[in-house]
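Colleague:
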Amino acid sequence: MTTPTEWMKDEYNDLVSKGFDWKPPVITGASSARCIIDGSEKIMLCANNYLNLSTHPKVRKAAIDAVKSHGAGSGSVRPIAGNMDIHNQLEETIARFKKREAALYYQTGFAVNSGLIPQLAGKNDAIISDQLNHGSIIDGVRLSGVKKENRTIYPHNDMGGLEDQLKTMTKKCDKTLVISDGVFSMDGDIAPLDEITRLAREYGAMTYIDDCHGEGVLAGGRGIGTHFGVEDEVDMESGSFSKAFGVVGGLIAGEKHMVDYAFNKSRTMLLSGSAPPATIAA
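Residue numbers for the sequence shown follow UniProt numbering, beginning at 1 and rising by one.
1. For residue 288, name the three-state secondary structure that DSSP assigns.
2. Using the rule of at least 16 other Cβ atoms within 10 Å of the residue's Cβ for burial, across every protein chain shown, is ILE252 buried or exposed?
3. Leaving out five residues on either side along the sequence, give the residues of the same chain with a beta carbon under 6 Å from the beta carbon of SER76.
4. How many Å lie between ASP125 and GLY221 at the Cα?
5. Out of GLY19, SER185 and LYS61, point me to the one whose CA is closest to TYR50's CA.
6. Quick test of your reading: VAL248 and PHE241, contact by CB under 8 Å. State the CB separation rounded to the nearest angstrom.
7. Whole angstroms is fine: what's the gap from VAL146's alpha carbon to GLY250's?
8. Terminal residues of the continuous alpha helix (DSSP H) containing THR2?
9. Keeping to the same chain, check which residues put their C-beta closer than 6 Å to that of ALA66; ignore five residues upstream and five downstream.
10. What do you reckon, are the CB atoms on SER114 and GLY73 nearer than 8 Å?
11. At which residue ranges does the region 188–244 contain complete alpha helix (DSSP H) runs of 4 or more residues, listed in the order of the chain?
12. Go to TYR50, then tell me how far its beta strand (DSSP E) extends in each direction, as first and last residue.
13. Quick one: what's GLY254 bridged to in DSSP?
14. Excluding the five sequence neighbours on either side, which residues of its own chain have a C-beta within less than 7 Å of the C-beta of ALA62, listed in chain order?
15. Work out the CA separation of HIS156 and LEU132 for me, nearest whole Å.
16. Looking at ALA121: is its Cβ nearer than 8 Å to the Cβ of LEU177?
17. If CYS212 sits next to LYS256, beta carbons under 8 Å apart, how far is it from one beta carbon to the other, in whole angstroms?
18. Which residues does DSSP list as the beta-bridge partners of ILE179?
19. Closest to GLU215 by CA distance: which of ARG201, GLU237 and TYR208 is it?
20. Mark ARG78 as exposed unless 16 or more other C-beta atoms lie within 10 angstroms of its C-beta, in which case mark it buried.
21. Exposed or buried, which one is PHE20 when buried takes at least 16 other CB atoms within 10 Å?
22. Under 8 Å Cβ to Cβ from SER54, same chain only, skipping five residues before and after it: list those, please.
23. How far does the alpha helix (DSSP H) with ILE117 in it extend, from its first residue to its last?
24. Identify the continuous alpha helix (DSSP H) that holds THR108 and give its terminal residues.
25. How is ILE80 classed by DSSP in three states: helix, strand or coil?
26. Check whether the Cβ atoms of PRO192 and MET169 lie closer than 8 Å to each other.
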């Protein structure tokens with residue numbers, strides 16, 4: 001007897017036959033530079049916990065203290081009853097650290113890109129995206145109302161290719177959004193952000209940079225904007241607490257009016273329970 005979900009079994013078996021069945025290793029204890037994986041000690045070379053802050057005594061203590069003072073969960077979404085003082089304090093700290101007017105915390109880095117990008121461009125607009133951008137950016141672009149012919153990809157880090165597309169899209173569309181990773185997660189190379197921002201300004205386009213892998217690594221930890229000295233030229237900078245910061249979550253930073261807009265338009269943030277106190281405090 002077949003069931004309405006029988007097709008999933010066939011799809012899964014096809015994945016298995018092609019060697020695409022994820023079998024995540026089991027970590028016993030903390031994820032750190034040395035950890036126990038599948039029962040034996042290993043040196044960790046594939047995690048994003050670059051600075052090993054997830055096990056830092058101050059980070060652990062902050063999480064424990066927050067549970068004692070604020071409880072285990074936030075109790076609601078932020079617009080209703082889940083906005084605690086520590087959420088606001090964290091965002092003020094992020095903004096100062098990033099040298100931006102304001103910042104907004106999201107529950108995950110994926111939630112930033114998949115929730116905010118669709119709100120930045122509509123059917124009469126254009127999005128120009130680097131060829132090797134993260135999957136969350138790709139999903140965000142696909143979820144936008146931008147017509148397929150106006151969602152374009154330029155060859156990886158090819159500024160000539162980017163300029164060619166800017167020339168075309170800024171003439172035919174109302175708004176144009178340029179999106180790039182800051183540090184590309186697969187190869188570790190860096191976007192030429194000084195050139196990207198220069199071209200965007202020349203053609204009147206917005207810039208959206210995902211710096212999840214640059215934070216904590218470049219320019220004393222502030223990331224790629226500071227690395228190139230163009231913090232003020234990046235309209236929207238997304239980031240993550242799941243990498244060098246050693247916890248979990250995402251962020252967007254920029255001008256205050258942009259952050260206010262993001263808060264009111266990002267359904268991935270608005271309609272999800274706000275992050276628990278331990279995460280925020282850590």
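Just so it is clear, CB atoms sit at the ideal spot from N, CA and C, and this is done for glycine as well.
No experiment lies behind these values; they were computed from the predicted model shown.
Modeller: This is what the structure gives:
1. Outside the modelled stretch of the chain, which goes from 1 to 282, sits residue 288, for which no answer is possible.
2. The residue in question, ILE252, is buried, as its Cβ has 16 or more Cβ neighbours within 10 Å.
3. Cβ within range, chain order: GLY82.
4. The alpha-carbon atoms of ASP125 and GLY221 are separated by roughly 34 Å.
5. Nearest in C-alpha terms to TYR50, of all of GLY19, SER185 and LYS61, is SER185.
6. Contact between VAL248 and PHE241 holds: their C-beta atoms lie close to 6 Å from each other, under 8 Å.
7. VAL146 and GLY250 have their C-alpha atoms spaced approximately 24 Å apart.
8. Here THR2 belongs to no alpha helix (DSSP H), and DSSP marks it neither H nor E.
9. For ALA66, the CB contacts under 6 Å within the same chain, skipping 5 residues up- and downstream, are PRO277, ALA278 and ALA281 in chain order.
10. Result no, Cβ atoms of SER114 and GLY73 do not sit closer than 8 Å.
11. DSSP runs (the alpha helix (DSSP H)) wholly in the region 188–244: 193–203 and 224–228.
12. That residue, TYR50, is in no beta strand (DSSP E); it is neither H nor E in DSSP.
13. Per DSSP, ALA102 and MET236.
14. For ALA62, where only same-chain residues beyond five positions count, the Cβ hits under 7 Å are ALA281 and ALA282.
15. C-alpha separation (whole angstroms): 6 Å.
16. Cβ distance < 8 Å, so ALA121 and LEU177 count as in contact.
17. Contact doesn't hold; Cβ gap of about 22 Å is too wide.
18. Per DSSP, the beta bridge partners of ILE179 are SER129 and TYR208.
19. Of the candidates ARG201, GLU237 and TYR208, the one whose C-alpha sits nearest the C-alpha of GLU215 is GLU237.
20. Result: buried.
21. Counting of Cβ neighbours within 10 angstroms places PHE20 among the exposed residues, the total staying below 16.
22. A distance below 8 Å between beta-carbons, with the five flanking residues on each side excluded, links SER54 to the following residues of its chain, in chain order: ALA30, SER31, SER32, GLY246 and VAL247.
23. For ILE117, no alpha helix (DSSP H) segment is defined, and its DSSP state is neither H nor E.
24. Taken as a continuous stretch (DSSP letters only), THR108 belongs to no alpha helix (DSSP H), as it is neither H nor E.
25. Of the three classes helix, strand and coil, the one that applies to ILE80 here is coil, per DSSP.
26. Here PRO192 is not near MET169, since their CB atoms are 8 Å or more apart.
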